[in-house]
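Let me begin by presenting the structure, written as C-alpha cells, before commenting on it.
In the numbering used here, the protein residues as written are 3 to 497.
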C-alpha cells in the first residue's frame, strides 16, 4: 500500500466502513474519516490511528474540509432508512460529494453499490445506481463496485435471512425465494475495497463483485439451517405476498425493522448475479487465497456471533426517528420542557461491580425486573414501525458510544462514572435513560434518571399515561441492579 496517499473513508461508523478502516490501518495507510461525532468511533481499535473530521456529508463546507488533500475517497454512505424520499436524499448527497471531490483535486472515488441486472429494479437498487451516476457526474474517476448480499456477522441481509431460518421451521414465502443471487463474504468484499485503495492509476468503471457460487435465496436459507444444526426448512411459496406484507412479517420475526426490511425485500425481487461483462479481474485480480464459499462464509459469520466477536453491525447506523426526535436535547436556557423520574440508592458493593451491572443492561441480560413490560413496550414499538428490542447488544458486557442497545443508542459513556442512553423507539418526544455512580463516604451512590422532553400536549399526556408503569418499573430496576452488584461482589469474595 502507498502510505503517502491520504485516503478518506465516509460511513466509518457503519457496517462496512468500520471494518474497512480497520483493515486500511492494518495496511499502514494514511486514513482520514468523516463522521458526525468523533465520540461514536472513539472506542474503535483504530480511533487513535486515523485523522477524524467531524461533519455532515450533506454540508458542502464539511465535505471540502474532509476531502482536502485526499487521493482516494471511499463513498460508503446511504440513506435507506430515511423514509420514502431516501433516493432523493442519496442523489443530492452524492452530487455534492462529486462537486467537492472535483474542487479539492481528489484523484479517485471508490463506491460500493449493488448489483442490478434487470429493468424491474426496486427503488433501493435504482437509488444505488443513481448514486453511482451522480458521483461520476464530475471529473473524478469513480470505481463503482457492485455487490449482492454480503455474508458477514452483523450485516442486515445476513441477519434477516438468518433469523427467518432459525425461527421458522415452516415458512410461507414470496416467489422471490427462488430468485438467484451471488453472495460475497465480507472478507472478500473488503479485499476488493482494500486493493482499490492501492490502484496505481485512477480507474473509472462499473464492476460487479460476487463470490464463486450462484444459488437461490431458498438454498441459502437451507445452508443456514444445516450449518446451524437445524432440520431442513419447509419453504412454501405463496404468490400473494407483496414486498409490503413480506417486510411487515420480517419486521415482526427478525431484528431488522420493517422500514429497513422493505427496501431490502424489494431488492430481492431482482436476481443479483454478477455480469461477466463487468468483471473486475483486469483491474483487481481475485483474492490470492481464493473466494470463501457460502458454507465457509456462513460458518465464519455464525462463529463470530457465537463468540460475541461482531465488530460492526447493521444497527451501528442511527435508526431514523420522527423529526422532533432527531435533535438531541436543547440547552436548559432554550426553554425545552424536560420531565424526570430520578431515583438514587447507596450500596457497599464495589465501584467495579456496580458499573458492571450498569454496563450490562439490556439485550439478553434484560432490564433487572419487569422484563415483560419492556417486552410489551418493544412489541408496541415494532407494531408502529420502530426497532423494538430485537437489535439486542453488540457485546453482552461492554458498550461503546454509538452502540445500539435494543431501542436505545449509547449517547454518552464515561466508563465507571456515567452511561446515557438515547431512545430510538417511537415516541411523541425525546427520551433518555441515564445512570451514574459516585463515591460518598465510602459507599457508592447510584443514580438512575429517566428523562422525557414531550412534543406538545400529546407528549405530555403520554408521559402521565405511562407514569403508573414508571412507579413499578424504575424502582425495581434500580433495586435489582444493586442486588446484582452485591451478588457479583460476593462471588468475587469467594474466589
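Each residue gets a CB set at the ideal place from its N, CA and C atoms; glycine is no exception. The model shown is predicted, which means the values in this text are computed figures rather than measured ones.
On the criterion of 16 or more Cβ atoms from any shown chain inside 10 Å, does residue 466 qualify as buried, or is it exposed? exposed
Residue 499 versus residue 287: straight-line alpha-carbon distance, rounded: Outside the shown range of the chain (3 to 497) lies residue 499, about which nothing can therefore be said.
Contained alpha helix (DSSP H) runs [length at least 4] in the segment 195-242, N- to C-terminal order: 219-229
For residue 342, is the classification buried or exposed, using 16 other Cβ atoms within 10 angstroms of its Cβ as the cut-off for buried? With fewer than 16 Cβ atoms within 10 Å of its Cβ, residue 342 is classed as exposed.
Counted within 10 angstroms of its Cβ, other Cβ atoms place residue 283 as buried (16 or more) or exposed: exposed
Residue 340, DSSP secondary structure in three states: coil
Starting from the C-beta of residue 334, find all residues in its chain whose C-beta is less than 6 Å away, skip the five residues before and the five after it, and write them out in chain order. Summary for residue 334: the model assigns pLDDT 44, below 50, so the residue's position carries little reliability, and this model does not support an answer.
Cβ of residue 257 within 8 Å of Cβ of residue 161? yes
In or out: residue 63 buried (at least 16 other Cβ within 10 Å) or exposed? exposed
As assigned by DSSP and simplified to three states, the class of residue 471: helix
Quick one: Cα of residue 104 to Cα of residue 140, how far? 6 Å
Over what stretch of residues does the alpha helix (DSSP H) that includes residue 141 continue unbroken? It is not in any alpha helix (DSSP H) - residue 141 carries neither H nor E in the DSSP assignment.
According to DSSP, is residue 36 part of a helix, a strand, or is it coil? Looking at residue 36 - three-state DSSP - the assignment turns out to be strand.
Residue from 191, 202, 54 and 205 whose Cα sits closest to the Cα of residue 212: 191
Indicate whether residue 411 and residue 253 have their beta-carbon atoms separated by less than 8 Å. no
By a C-beta neighbour count over all protein chains shown, 10 Å radius and 16 as the cutoff for buried, is residue 136 buried or exposed? buried
Is residue 69 near the ligand MG - that is, is its Cβ less than 7 Å away from at least one heavy atom of it? As presented, the structure is devoid of all ligands, the ligand MG included, so that no description of it is given.
N-terminal and C-terminal residue of the alpha helix (DSSP H) that residue 17 is part of: 17-28
The beta strand (DSSP E) spanning residue 456 covers which residue range? 445-456
Residue 475 and residue 375 - do their beta-carbons sit closer together than 8 Å? yes
Pick helix, strand or coil for residue 188, following the three-state DSSP scheme. helix
Residue 50 to residue 455 span [Cα, whole Å]: A straight-line Cα-Cα distance of about 35 Å links residue 50 and residue 455.
Just verifying my parser: in three-state terms, what is the DSSP assignment at residue 460? helix
So residue 167 is in the alpha helix (DSSP H); what residue range does that whole segment cover? 158-169
Can the beta-carbon of residue 57 be found closer than 8 Å to that of residue 144? No, Cβ-Cβ distance for residue 57 and residue 144 is not below 8 Å.
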